[in-house]
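Visitor: In the working numbering, the protein residues as written are 147 to 360.
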């Protein structure tokens with residue numbers, strides 16, 4: 147288990163904890179439903195993840211519910227999911243495509259949650275069954291999935307993660323929603339599925355200095 151001291155030591159060596167925007171860019175906010183929480187939340191947390199990654203599942207099962215309850219559902223943090231398939235082809239890429247195709251029908255999060263919940267049973271033949279289970283238009287989903295739509299966007303997410311210094315999953319970026327990362331208020335990069343308390347420490351620190359609503 148990585149403690150905050152370890153996280154900061156790694157950051158000092160690898161430039162992973164605090165990264166000015168001049169070194170990496172969080173890119174545009176996705177418009178396909180990959181956002182949870184209020185658009186007015188003062189803090190944004192971005193996850194770069196792979197549906198086949200064991201540590202990503204660990205985060206989803208153990209840490210995400212607590213983050214959602216304390217920060218996302220209370221309007222303090224906006225959460226954005228971005229894809230980081232570890233391989234150029236295979237089930238991880240297919241799962242990302244399946245989630246994006248579900249998002250095209252306004253059902254990104256039901257598919258996202260099912261994919262992480264079914265990680266041990268992910269295979270090429272399962273995705274259309276999941277689409278049916280969450281009530282998607284089967285014809286539209288099949289066309290989107292079979293044509294591997296969204297591949298370019300998926301790999302752009304991975305390239306963005308590499309720009310932050312991530313070369314594995316999961317990786318997280320914490321920054322102010324308004325203005326993003328600056329030299330004065332740099333983003334915080336959190337590599338790996340660290341415990342909830344480490345997320346909370348960084349979020350609370352950033353919230354403590356967040357501008358108050360006028």
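Glycine included, C-beta positions come from ideal geometry on N, C-alpha and C. Given the structure is predicted, the values throughout are model-derived calculations rather than measurements.
1) Cα-Cα, which of 343, 287, 332 and 256 is closest to residue 181?
2) Among residues of its own chain, excluding the 5 on either side of residue 190, which ones have a beta-carbon nearer than 6 Å to its beta-carbon?
3) With three or more beta-carbon pairs closer than 8 Å as the criterion, would you say the region 344-360 touches the region 245-262?
4) Alpha carbon to alpha carbon, how far is residue 285 from residue 260?
5) Please confirm whether residue 243 and residue 290 have their CB atoms less than 9 Å apart.
6) For the structure I just gave you, are there three or more beta carbon pairs, one from the region 224-240 and one from the region 297-308, closer than 8 Å?
7) Taking DSSP as the reference, what is the three-state secondary structure of residue 181?
8) Check whether the Cβ atoms of residue 221 and residue 187 lie closer than 9 Å to each other.
9) Do residue 296 and residue 246 have their C-beta atoms within less than 9 Å of each other?
Guide: With the given structure in hand:
1) 256
2) 224, 321 and 323
3) no
4) 20 Å
5) yes
6) yes
7) strand
8) yes
9) yes
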